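> Quick one: this structure, given as structure tokens, is what I'll be asking you about.
Numbering (my numbering), first residue to last: 135 to 536.
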């Protein structure tokens, strides 16, 4: 008998037919004698619909506390409906909100971090042979206020339960049947991977692959939780995410695209010590993540710094630095939202020279100009014009993945 944690995304429970399909999948493992804990996201586009409702009431933006109160209702609907379906099919089940399942978080509404999970209630329900359905994406802070974990937070909820309860496996069900070398909807020749390392998956998730939330992969690596990504719509083996995998001929595990990118250029900065610190310290205070950074060679006592940030943070970054214009003494600042990031990931790159050259050759052959470049041991990222992103992914995939 095993303890299995299953997570189902919003598309997996988008309508009644899919809810019953998920219910049957869960019951199949339960009837084999396994203990089953299920984490569920809000149905379909429910979260986006709730955000739109909030904007109808307060176009300027509601408080983050009240928005969390609203958004958490999406998962509450999902867990109740799934529990009803399992009841209808004749199995014992109970649904629990995040706080009922023991999730304690910090107080950063909208992007809360899990501080701990007290699994006592879940354990008690399992002891009664109940299937336990948990609302993902949410928890409770020290003030007894509901918090949400941010986009993709249900993945993190599932991994947190698996880590706390030392589950035998944590299965993440999506609308695709595993992790591919590229988005199969954009690149028909993309190949499904049997296995991928935590580090490779973390890079892909961070760089735009939307199969897994990057925080969930980070947590899985930290607590050595083996993940399996598989389809909720068809029964077939998925992709295993674990510490080590057998290295294959393919050096590149995947090509990822991220269009949620903007660049900020600060032009005419004084070429003196401490300028970069002032800029990036201010952005850190605003909780803005900076990715690729390019600094020009100083000329005539000035230099330029360009960096990339998530598109949603672009205007905030510009406004924050504009407020420092007197102390930074720059000439101008510019925001460009017409960029995209294309990246390749693979642990084998570190010991195989020439990978970057082949990537750049593929982009040259496709007549795609590079704006910025960033590298690490297992990834290479380039910023390009957003309109070229899909073409770039296909060109690089064709060149580097057999």
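By construction, the Cβ of each residue, glycine as well, lies at the ideal position given by its N, Cα and C atoms.
Quick caveat, the model's predicted, so the values are computed rather than measured.
For the ligand SAM, is there a heavy atom less than 7 Å away from the beta-carbon of residue 498?
Absence of the ligand SAM is noted for the structure shown, with no ligands found whatsoever.
> Fully enclosed by the stretch 175 to 245, which beta strand (DSSP E) runs are 3 residues long or longer?
Entirely contained in the stretch 175 to 245, the beta strand (DSSP E) runs reaching 3 residues are, in chain order, 227 to 230, 237 to 239.
> Tell me whether the beta-carbon of residue 504 lies closer than 8 Å to the beta-carbon of residue 518.
Locating residue 504 in the chain shown gives position 370, counting from the first residue. Locating residue 518 in the chain shown gives position 384, counting from the first residue. Result yes, Cβ atoms of residue 504 and residue 518 sit closer than 8 Å.
> Which residues mark the beginning and the end of the beta strand (DSSP E) in which residue 269 is found?
Within the chain shown, the letter at position 135 stands for residue 269. Going by DSSP, residue 269 is part of the beta strand (DSSP E) stretching over 265 to 269.
> Starting from residue 392, follow the beta strand (DSSP E) in both directions and report where the run begins and ends.
As a first step, residue 392 is located in the chain shown; it is residue number 258 there, counting from the start. Note, residue 392: beta strand (DSSP E), 388 to 392.
> Could you tell me which uninterrupted alpha helix (DSSP H) segments, each at least 4 residues in length, are contained entirely in the stretch 259 to 325, listed from first to last along the chain?
Counting whole runs of 4 or more residues, the stretch 259 to 325 contains the alpha helix (DSSP H) stretches 287 to 299.
> May I ask you to report which of helix, strand or coil DSSP gives residue 408?
The residue you call residue 408 lines up with position 274 of the chain shown. Residue 408: coil per DSSP, three-state reduction.
> Expressed to the nearest angstrom, what Euclidean distance is found between the alpha-carbon atoms of residue 466 and residue 507?
In the chain shown, residue 466 corresponds to position 332, counting from 1. In the chain shown, residue 507 corresponds to position 373, counting from 1. When rounded, the separation of the alpha-carbon atoms in residue 466 and residue 507 is 23 Å.
> Provide the residue(s) that pair with residue 440 in DSSP beta bridges, ordered along the chain.
By one-based count along the chain shown, residue 440 stands at place 306. Answer is 399, 428.
> When burial is assigned at 16 or more other CB atoms within 10 Å of the CB, is residue 197 buried or exposed?
Translated into positions along the chain shown, residue 197 becomes position 63. It is exposed - the Cβ of residue 197 has fewer than 16 other Cβ atoms within 10 Å.
> Whether or not the stretch 161 to 179 and the stretch 252 to 270 are in contact is what I'm after, with contact meaning three or more pairs of Cβ atoms, one per stretch, closer than 8 Å; do they touch?
yes
> So who's on the other strand from residue 362, going by DSSP bridges?
For the purposes of this step, residue 362 is identified with residue 228 of the chain shown, where counting begins at 1. DSSP lists 305, 374 as partners of residue 362.
> Is it true that the CB of residue 256 sits closer than 8 Å to the CB of residue 294?
Residue mapping note: residue 294 aligns to position 160 of the chain shown, counting from 1. Residue mapping note: residue 256 aligns to position 122 of the chain shown, counting from 1. No, the pair does not count as a contact, with Cβ atoms beyond the cut-off.
> Under a three-way DSSP split, which group does residue 142 fall into?
Position 8 of the chain shown holds residue 142. DSSP places residue 142 in strand when its eight states are reduced to three.
> Does the count of Cβ pairs from the stretch 412 to 422 and the stretch 475 to 487 closer than 8 Å reach three?
no
> Who are the near neighbours of residue 206 in its chain, counting only those whose CB is closer than 8 Å to its CB and skipping five residues on each side?
Position 72 of the chain shown holds residue 206. Within the same chain, and ignoring the five residues on either side of residue 206 in sequence, the residues whose Cβ sits closer than 8 Å to its Cβ are 231, 232, 269, 271, 272, 280, 282.
> Residue 585 to residue 495, Cα distance in whole Å?
In this structure the chain extends from 135 to 536, so residue 585 is not present and cannot be described.
> Take residue 315 and list the residues in its own chain whose beta-carbon comes closer than 6 Å to its own, dropping the five residues that flank it on each side.
Along the chain shown, one-based indexing puts residue 315 at 181. Once the five neighbours on either side are set aside, the close Cβ partners of residue 315 are 324, 325, 388, 535.
> Cα-Cα, which of 437, 343, 291 is closest to residue 406?
Within the chain shown, residue 406 is the residue found at index 272, counting from 1. Taking only the C-alpha atoms, the option nearest residue 406 is 437.
> Terminal residues of the continuous beta strand (DSSP E) containing residue 329?
By 1-based counting over the chain shown, the position of residue 329 is 195. Residues 329 to 331.
> Rounded to whole angstroms, how far is the Cβ of residue 523 from the Cβ of residue 440, which I believe are closer than 8 Å?
For the purposes of this step, residue 523 is taken as residue 389 along the chain shown, with counting starting at 1. For the purposes of this step, residue 440 is taken as residue 306 along the chain shown, with counting starting at 1. Residue 523 to residue 440, Cβ: 19 Å. No contact.
> Check whether the stretch 360 to 375 and the stretch 326 to 333 are in contact - that is, three or more C-beta pairs closer than 8 Å.
Yes, the stretch 360 to 375 is in contact with the stretch 326 to 333.
> Tell me the DSSP bridge mates of residue 513?
Residue mapping note: residue 513 aligns to position 379 of the chain shown, counting from 1. Beta-bridge pairing links residue 513 to 479.
> What is the residue span of the beta strand (DSSP E) that residue 468 lies within?
As a first step, residue 468 must be located in the chain shown, where it is residue number 334. 466 to 470 is the span of the beta strand (DSSP E), which, as asked, contains residue 468.
> Considering only residues of the same chain and omitting the five flanking positions on each side of residue 473, which have a CB-CB separation below 8 Å?
Indexing the chain shown from 1 puts residue 473 at position 339. Setting aside the 5 residues that flank it on each side, residue 473 is surrounded in the same chain by 395, 396, 397, 442, 505, 517, 518, 519, 520, each with a C-beta closer than 8 Å to its C-beta; the list follows chain order.
> If you drop the 5 nearest sequence neighbours on each side, which residues of the same chain put their C-beta closer than 8 Å to that of residue 214?
Within the chain shown, residue 214 is the residue found at index 80, counting from 1. Here the set comprises 229.
> Check residue 346 in the structure and name its three-state DSSP category.
For the purposes of this step, residue 346 is taken as the residue at position 212 of the chain shown. Coil.
> Going by DSSP in three states, residue 136 sits in which element: helix, strand or coil?
What you label residue 136 is simply residue 2 of the chain shown in a count that begins at 1. If DSSP states are grouped into helix, strand and coil, residue 136 belongs with coil.
> If you count every other CB in all the chains shown that lies within 10 Å of the CB of residue 358, and 16 or more means buried, which is it?
Numbered from 1 along the chain shown, position 224 holds the residue referred to as residue 358. Under this definition residue 358 is an exposed residue.
> DSSP on residue 474, reduced to helix/strand/coil?
Counted from its first residue, the chain shown places residue 474 at position 340. Three-state DSSP puts residue 474 in a strand.
> I need the boundaries of the beta strand (DSSP E) containing residue 248, first residue and last residue.
Residue numbering aside, residue 248 sits at position 114 when the chain shown is read from its first letter. Taken as a continuous stretch (DSSP letters only), the beta strand (DSSP E) holding residue 248 covers 248 to 251.
> Between the Cα of residue 430 and the Cα atoms of 251, 300, 403, 459, which residue gives the shortest distance?
Reading the chain shown from its first residue, position 296 is the one you call residue 430. Distance check between residue 430 and each of 251, 300, 403, 459 places 403 closest, using alpha-carbon atoms only.
> Quick one: grab the DSSP three-state call for residue 161.
Here residue 161 is taken as the residue at index 27 of the chain shown, counted from 1. DSSP places residue 161 in helix when its eight states are reduced to three.
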